[in-house]
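Residue numbers (the working numbering): 599 to 772.
A virtual CB, placed ideally from N, CA and C, is assigned to each residue, including glycine.
Taking it in order: structure first as structure tokens, then the write-up.
Dropping the structure here:
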């Protein structure tokens, strides 16, 4: 299998690189993650040649549905690193969308925005395939919850799903 030849981090970066470079694969992945949104197009905003080991494997994208509504996406390929709190990472991505926008678009231009994690290991240890956090971001300094992008975690560990996805993407380009 891939893990015998490549490190997990390399597989993460190769997968993210393919999603950045080949929008048809990114579209297919986004359509599988969000079947209810009826997404018809998606565009990666990242430099397809930038995938530095030691950094997270992340894809920034804007998607549109049949009605031309715009959706903002940040997708992290791979689990959190040892000692990291994945919820803090999610909050950082939420703030990136809220304050930095995606592709120069402020958050209010999106019908909805999402932070998606494809995790190699179950991020919360509860055995679920999908964890969803909708509606807001808790600010521990103020004690208030503000609206924020939705966060979805996929646990791809249980069925070898991560390797299946990676193998599918690699097979198309070898």
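Taking the C-beta atoms as reference points, residue 697 is found no nearer than 8 Å to residue 729. Cα atoms of residue 644 and residue 632: separation of roughly 21 Å, rounded to the nearest angstrom.
Annotation: residue 654 to residue 675 spans about 8 Å, alpha carbon to alpha carbon.
Every alpha helix (DSSP H) of 4 residues or more that sits fully in the segment 665-740 is shown, in chain order, as 684-693. Comparing C-alpha distances from residue 672 to each of 640, 754, 605 shows the shortest one belongs to 640. The residue from 712, 708, 703 with its alpha-carbon nearest to that of residue 690 is 712. Judged by DSSP in its simplified three-state form, residue 607 adopts helix. Sixteen is the threshold: when 16 or more other Cβ atoms of the shown chains lie within 10 Å of the Cβ of residue 670, as they do, the residue is buried. For residue 746, the secondary structure class from DSSP, reduced to helix, strand or coil, is coil. For residue 639, no alpha helix (DSSP H) segment is defined; the enclosing uninterrupted segment is the beta strand (DSSP E) at 637-642.
Selection 659, 688, 753, 637 evaluated against residue 665 yields 637 as nearest (Cα-Cα). Around residue 629, the same chain offers 637 as residues with beta carbons nearer than 6 Å, after the five sequence neighbours per side are excluded.
For residue 681, the closest C-alpha among the options 755, 617, 721, 747 is that of 721. In this structure, DSSP gives residue 662 an extended state, which the three-state scheme calls strand.
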